[in-house]
Amino acid sequence: MKVFNNLTHKLEAFEPINSGTVTFYSCGPTVYDDSHIGHARSAITWDLLARYLRFKGYQVTWIRNITNVDDKIINRAKELNIPADTLSRKYTYEFWNDMVSLNVSWPDHEPRATDYIPEIIKFIEGLIAQGSAYAVEGDVYFSVSSYSKYGQLKRQTISDLKEGNSRLDPNNKKKDQLDFALWKAFPNEPLSSFNSPWGLGRPGWHIECSTMIETILKEKFAISTLDIHAGGDDLIFPHHENECAQSECFTGKPLAKYWLHNGMVMINGTKMSKSLSNYMTIKSVLAKFKPNTVRFFCLQTHYKKQINFTNTALQAAESGFDKLFNAISEELKNVNFDSFAQIQLSAAQRASLDEDLINRFIEILDNDLATPQALALLFENLNKKPTVIYLLSILGFDLRSNAKENSLKSLIYSIADAKALSTASHIDAIASIKAAATSFDNLTETNSITQEEILINKSGLDSMIQTLLELREKARLEKNFELSDRIRLELEKAGITIKDFRDKPSEYSFT
RNA sequence: GGCGGCAUAGCCAAGUGGUAAGGCAGAGGUCUGCAACACCUUUACCCCCAGUUCGAAUCUGGGUGCCGCCUCCA
8 MKVFNNLTHK
18 LEAFEPINSG
28 TVTFYSCGPT
38 VYDDSHIGHA
48 RSAITWDLLA
58 RYLRFKGYQV
68 TWIRNITNVD
78 DKIINRAKEL
88 NIPADTLSRK
98 YTYEFWNDMV
108 SLNVSWPDHE
118 PRATDYIPEI
128 IKFIEGLIAQ
138 GSAYAVEGDV
148 YFSVSSYSKY
158 GQLKRQTISD
168 LKEGNSRLDP
178 NNKKKDQLDF
188 ALWKAFPNEP
198 LSSFNSPWGL
208 GRPGWHIECS
218 TMIETILKEK
228 FAISTLDIHA
238 GGDDLIFPHH
248 ENECAQSECF
258 TGKPLAKYWL
268 HNGMVMINGT
278 KMSKSLSNYM
288 TIKSVLAKFK
298 PNTVRFFCLQ
308 THYKKQINFT
318 NTALQAAESG
328 FDKLFNAISE
338 ELKNVNFDSF
348 AQIQLSAAQR
358 ASLDEDLINR
368 FIEILDNDLA
378 TPQALALLFE
388 NLNKKPTVIY
398 LLSILGFDLR
408 SNAKENSLKS
418 LIYSIADAKA
428 LSTASHIDAI
438 ASIKAAATSF
448 DNLTETNSIT
458 QEEILINKSG
468 LDSMIQTLLE
478 LREKARLEKN
488 FELSDRIRLE
498 LEKAGITIKD
508 FRDKPSEYSF
518 T
């Protein structure tokens, strides 16, 4: 497998430090608001890498952090007049929900900055002790001149970096403008600060990643260098540059062997970002489009390239994936899934797979995860259904259903209100649907609904829809097209599309 | 100003020296009680100029345009 390593700026053969095992860290979100589609792209990209490495047979340890101590979190919490911890917990939870919706697998470790304060302090003390950091009035700064490779990721020298640095914050506590904070003094905010040898304060942003990586790697593998460190390409500088500097000065070893970065999601020609408020949250996108659509949209473009977010692009992606899904939906009935949406193939099914197609697929993904070509290959081989299913699952699509994430609740109510049912003979159907709607409501109110629970609920829903399909079929046979079309129309309104066949009962799918 | 990336059909997107994959949308058709789904057919002088070569979207040089980072950011 080859990956584009931003450290060397070259496509390189991927060879983990200890053959057979891969340690992989990707930068997670700062949890102070709902995540947007840019976070989704990053998560999906690195989820795919983890999945693919596992598929290739590597023993993967995937770490993704949660930044839960940060000025933005604290300011936001103040605005809302709630404790910072409450706010960060809420948005950690919202992030998890989004990740589950998008079928992003769980990292093996998900460290949170506040759980590592003692380790962070030790890390900083170590840096001070060996002369690459200094304390000033309760702050601690990293001295970039102590790390000769500073600028390696950005491909600039320290003097290059100093050029045109008018945007740097003039801070006269620093010995050098490029020095960055490891610890910031916040003496007057005891609720959101931590005790340290330098007084009350909070860790700087970059130090948490270095510390958590070092702690986890040391504990589990007794090493200090990751195989892969990944994140958005906006993090290359200063975030990742600073992580490199801190870690290598502290441990004496490079932080990571391979550095991979995903391109930004653009909106109207500009990077989607919180500060420009030109973002679409994952939730708002999932209210309109299916989770698989979002993954397909991301994977249609190579992960390194910028991707333009538009409504039409999402619609195109939805049509595209629907076509793939429709092609395999019949075959999917023979496939079992585990509770993590992974397909479970029987020995016979496995034996029936098209090895040649799989090998071409692997060859494509081995080339720095060339997902657009991989998807094209699937479109060209739609007739090889079991293999297409197998390969789509490697790409992380949730093949259990291709429904819209938030459609179920509104859908149940729509059905309950369907006028086509409002006849005396169908009162039972209405009653049972309303009961299901209520139980679904109860489920969502516990605020802990999972995809699995939705699916359990869906099986109840399924029998109700089947009842409607039978009613419609009866009407069609009686050539009562007015009623049959009405049922179809009402189901359509509820987000359910009916498929008719010549030789077998009609089927439905969620749209 | 420094560094990096990108430029291929109406839209998205592969292709990295041998004569332009794939998807969406559009058009025509088959199927259908009507639809939806599916299927068939159909759509490109590869940003510009110069060079290397038997041959370039692909390599070299020079332009032009767009974007990112250098401040928090996936």
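In my numbering, the protein residues as written are 8 to 518. From the three backbone atoms N, C-alpha and C, an ideal C-beta is built for every residue, glycine too.
Coarse secondary structure for residue i, derived from DSSP in three states
{"i": "residue 123", "result": "helix"}
{"i": "residue 488", "result": "helix"}
{"i": "residue 190", "result": "strand"}
{"i": "residue 30", "result": "strand"}
{"i": "residue 148", "result": "strand"}
{"i": "residue 12", "result": "strand"}
{"i": "residue 209", "result": "strand"}
{"i": "residue 37", "result": "strand"}
{"i": "residue 52", "result": "helix"}
{"i": "residue 17", "result": "strand"}
Neighbourhood of residue i by C-beta distance below 7 angstroms, restricted to the same chain and skipping five residues each side
{"i": "residue 508", "result": "none"}
{"i": "residue 122", "result": "none"}
{"i": "residue 206", "result": "145, 192, 194"}
{"i": "residue 43", "result": "279, 286, 287, 288, 289"}
{"i": "residue 250", "result": "213, 216, 217, 262"}
{"i": "residue 9", "result": "18, 19, 20, 21, 373, 374, 375"}
{"i": "residue 243", "result": "13, 160, 161, 268"}
{"i": "residue 405", "result": "110, 298, 299, 348"}
{"i": "residue 308", "result": "314, 379"}
Burial state of residue i (16 or more Cβ within 10 Å)
{"i": "residue 257", "result": "buried"}
{"i": "residue 136", "result": "exposed"}
{"i": "residue 100", "result": "exposed"}
{"i": "residue 108", "result": "buried"}
{"i": "residue 332", "result": "buried"}
{"i": "residue 49", "result": "buried"}
{"i": "residue 160", "result": "buried"}
{"i": "residue 253", "result": "buried"}
{"i": "residue 45", "result": "buried"}
{"i": "residue 89", "result": "exposed"}
{"i": "residue 403", "result": "buried"}
{"i": "residue 387", "result": "exposed"}
{"i": "residue 138", "result": "exposed"}
{"i": "residue 489", "result": "exposed"}
{"i": "residue 370", "result": "exposed"}
{"i": "residue 229", "result": "exposed"}
{"i": "residue 363", "result": "exposed"}
{"i": "residue 358", "result": "exposed"}
{"i": "residue 140", "result": "buried"}
{"i": "residue 198", "result": "exposed"}
{"i": "residue 259", "result": "exposed"}
{"i": "residue 125", "result": "exposed"}
Cβ-based neighbour list, residue i, same chain, cut-off 6 angstroms, excluding 5 preceding and 5 following
{"i": "residue 479", "result": "491, 494"}
{"i": "residue 11", "result": "18, 375"}
{"i": "residue 74", "result": "37, 120"}
{"i": "residue 513", "result": "476, 505, 507"}
{"i": "residue 62", "result": "401"}
{"i": "residue 60", "result": "29, 67"}
{"i": "residue 296", "result": "321, 325"}
{"i": "residue 312", "result": "270"}
Rounded separation between residue i and residue j - CA only
{"i": "residue 30", "j": "residue 65", "result": "10 angstroms"}
{"i": "residue 179", "j": "residue 143", "result": "10 angstroms"}
{"i": "residue 231", "j": "residue 327", "result": "43 angstroms"}
{"i": "residue 203", "j": "residue 168", "result": "31 angstroms"}
{"i": "residue 539", "j": "residue 289", "result": "Since the displayed the chain opens at 8 and closes at 518, residue 539 lies outside it and no answer follows."}
{"i": "residue 471", "j": "residue 338", "result": "23 angstroms"}
{"i": "residue 262", "j": "residue 214", "result": "12 angstroms"}
{"i": "residue 449", "j": "residue 501", "result": "Residue confidence for residue 449 is low, a pLDDT of 49 falling below 50, so the modelled location carries little weight and cannot support an answer."}
{"i": "residue 273", "j": "residue 170", "result": "28 angstroms"}
{"i": "residue 484", "j": "residue 497", "result": "19 angstroms"}
{"i": "residue 245", "j": "residue 284", "result": "22 angstroms"}
{"i": "residue 380", "j": "residue 340", "result": "27 angstroms"}
{"i": "residue 105", "j": "residue 96", "result": "14 angstroms"}
{"i": "residue 130", "j": "residue 224", "result": "14 angstroms"}
Minimum C-alpha distance to residue i - residue among the options
{"i": "residue 383", "options": "410, 330, 406, 407", "result": "330"}
{"i": "residue 321", "options": "335, 300, 311, 278", "result": "300"}
{"i": "residue 103", "options": "92, 117, 8, 391", "result": "117"}
{"i": "residue 76", "options": "127, 469, 239", "result": "127"}
{"i": "residue 276", "options": "239, 282, 316", "result": "316"}
{"i": "residue 236", "options": "53, 260, 33, 499", "result": "33"}
{"i": "residue 354", "options": "335, 209, 393", "result": "393"}
Cut-off 8 angstroms between Cβ atoms - residues of its own chain near residue i, not counting five sequence neighbours on either side
{"i": "residue 151", "result": "157, 165, 183, 185, 186, 187, 252"}
{"i": "residue 350", "result": "342, 343, 344, 396, 397, 400, 406"}
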